[in-house]
Every structure is written in structure tokens, then in C-alpha cells.
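So the number in my numbering is just where the residue sits in the sequence shown, counting from 1, plus 316.
Even for Gly, the Cβ is constructed at its ideal location relative to N, Cα and C.
Fair warning: this is a prediction, and the values are worked out from it, not measured in the lab.
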Amino acid sequence: MSSPPLHQRFLSAFLRLFFRLLYHQFAWAYDAVAAIVSVGLWKQWVLSALQFLQGPRVLELGHGPGHLQVALHRRGVSPVGVDASPQMGAVAFSKVKRAGFVPLVVNGYAQLMPFPTESFDQVIATFPSEYIRHPATLSEIYRVLAPGGELILLPVAWITGRGVLLWFARGLFRITGQAPEWNPGYLVPLKETGFSASTQVVELPSSRLLYVRAKKMDRSS
């Protein structure tokens with residue numbers, strides 16, 4: 317298979333760097349930029365996870381600006397958030413507090429979480445980077461989940477609607493690798509860790525989401 321043209325590889329590398337900076341140093345602008353590049357769909361994608369979250373104890377990995385944290389509080393679910401970006405943690409803390417709730421967001425890494433074993437009923441991560449497939453991450457998720465608990469991942473969103481703006485967003489997502497073809501091999505590390513994993517497609521008016529649902533199984537069985 318031939319590699320992409322040089323200009324496409326350069327643009328992809330530039331955009332990936334831009335989004336990394338956006339998640340850290342420029343976290344204050346994340347909401348606005350995410351809305352622009354997704355043509356207003358990004359927040360809808362993140363909040364679509366609510367249909368799978370009953371809790372009552374939910375851990376969100378990579379909580380970002382805190383939209384799902386606020387929504388879970390409003391539903392009476394007890395959410396905790398972990399994010400490696402202290403800047404994003406500050407944004408989420410302020411958002412949850414302004415909504416009238418007590419924020420519980422922690423600056424840390426998914427590979428070494430400061431929570432007791434079997435602390436959560438569900439763990440959710442929307443559009444996580446490659447860290448989510450790291451053996452240490454999956455081992456920690458397995459550890460903090462209660463028996464029979466569930467890991468819910470939203471790794472992929474495809475823009476399906478018509479229109480110039482949607483066409484542009486679809487092309488941008490393709491260049492940056494945010495909308496890849498689904499690879500069933502994504503489930504292999506989950507199953508090797510001790511999860512029973514499956515996928516579920518969620519159809520929205522202008523997009524299609526693919527969820528991974530992984531239930532914690534007893535390793536001794």
C-alpha cells in the first residue's frame with residue numbers, strides 16, 4: 317500500500333500537533349474549536365453516551381471540558397473524572413461548579429489511577445487516544461471496575477450528512493485519522509485483559525457512532 321502524499325502527511329502531522337496543544341495549553345478554546353471542526357456535532361456525540369450510563373458510580377477517562385460530567389450529575393449519577401491535562405481539569409472543574417454540583421475531577425493517568433479496587437460500576441471514554449489500548453490502562457480499568465462492571469468506549473464517529481460544511485468536516489476527520497475504518501482487532505486487547513467485548517452502532521441525524529461495550533468477566537472462571 318502506497319503512503320499518503322507528502323502534503324497530506326504534513327497536514328495530518330500539523331493538525332495532530334494542533335489538537336494536542338488545544339487539549340493542554342489552549343484548553344480554554346477546546347469547546348469552540350471542537351464545535352467548529354465537527355460542524356456542531358461533537359457535544360452531541362459525547363452526550364450520546366448517556367444512553368448507556370446508569371451508574372450509579374461512573375468514572376470518565378479523559379473527561380475533557382466536562383460536558384458529560386455535568387450531564388451525569390443532572391441525572392443523579394455520581395461521576396468522577398480523570399484527565400492527564402491539568403488545564404482541561406481546571407475547565408471541567410469550573411463547568412461542573414457553575415452548574416451547581418461538587419466537581420470530582422482528578423489530574424492523573426489512566427495507567428495508574430488513585431482509586432480503590434472495584435470502585436466503579438462503569439467506566440466511559442469518548443474518543444480516547446491510543447492510551448486506551450495500552451495493557452496498563454486496560455488492567456487498571458479492570459481493577460477499578462466492580463464485578464460485572466462495564467467499560468464503554470466511543471472510539472469512532474463518521475459524519476454521514478450532506479452539505480458543504482459536513483463534507484469539509486468529513487474530509488478533515490479523514491486526514492487527521494479521527495474517522496478511520498473500523499478494525500475488529502481493536503477488541504483483542506480488551507478480550508485478553510478479561511473483558512467480554514462487543515460493538516454497537518448508534519445512528520444520529522448527520523452521523524454514525526460506533527460504541528464498544530466491554531463487560532468485566534471473572535478471570536478465574
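Legend entry - Spatial distance of Leu506 from Ala406 (CA atoms): 31 Å
Legend entry - Arg414, DSSP secondary structure in three states: helix
Inset, instruction - Starting from Phe423, follow its DSSP beta bridges and name the residues at the other end. - result: In the sequence as displayed, the identity of residue 423 is Asn instead of Phe. Note: Asn423 sits in a beta bridge opposite Asp399.
Inset, instruction - Return the CA-CA distance between Leu388 and Phe417, expressed in angstroms with no decimal places. - result: 10 Å
Inset, instruction - Look up Pro463 in the DSSP assignment and say whether it is helix, strand or coil. - result: strand
Legend entry - DSSP three-state assignment for Thr476, whether helix, strand or coil: coil
Legend entry - Three-state secondary structure assigned by DSSP to Val504: helix
Legend entry - Cross-strand partners of Glu376 (DSSP beta bridge): Gly397 and Ile440
Inset, instruction - Go ahead and label Ala452 buried or exposed: buried means 16 or more other beta carbons lie within 10 angstroms of its beta carbon, across all protein chains shown. - result: exposed
Legend entry - Beta-carbon proximity of Lys411 to Gly382, cut-off 8 Å: yes
Inset, instruction - Sort Asn499, Ala462 and Trp498 by Cα distance to Arg373 and report the nearest one. - result: Ala462
Legend entry - Meets three-Cβ-pair contact criterion under 8 Å: the segment 516-533 and the segment 465-477: yes
Legend entry - Beta-carbon proximity list for Asn423, same chain, < 6 Å, skipping 5 on both sides: Pro402 and Gly405
Legend entry - Val517 classed as buried or exposed, judged by whether at least 16 other C-beta atoms fall within 10 angstroms: exposed
Inset, instruction - Look at Gly378 and Asp399 and say whether their C-beta atoms are less than 8 Å apart. - result: yes
Legend entry - Pro419, buried or exposed, once every other Cβ within 10 Å from all chains shown has been counted against 16: buried
Legend entry - Beta bridge counterpart(s) of Lys531 as assigned by DSSP: Glu466 and Ser512
Inset, instruction - Measure the Cβ-Cβ separation of Gly465 and Phe436 and say whether it is below 8 Å. - result: yes
Inset, instruction - Return the bridge partner residues of Arg524 from the DSSP annotation. - result: Trp474 and Glu519
Legend entry - Extent of the continuous alpha helix (DSSP H) run through Gln385: His383 to Arg390
Legend entry - Cβ neighbours of Ala415 in the same chain (closer than 6 Å, five flanking residues each side left out): Val386
Legend entry - Contact under 8 Å by Cβ, Val421 with Leu375: no
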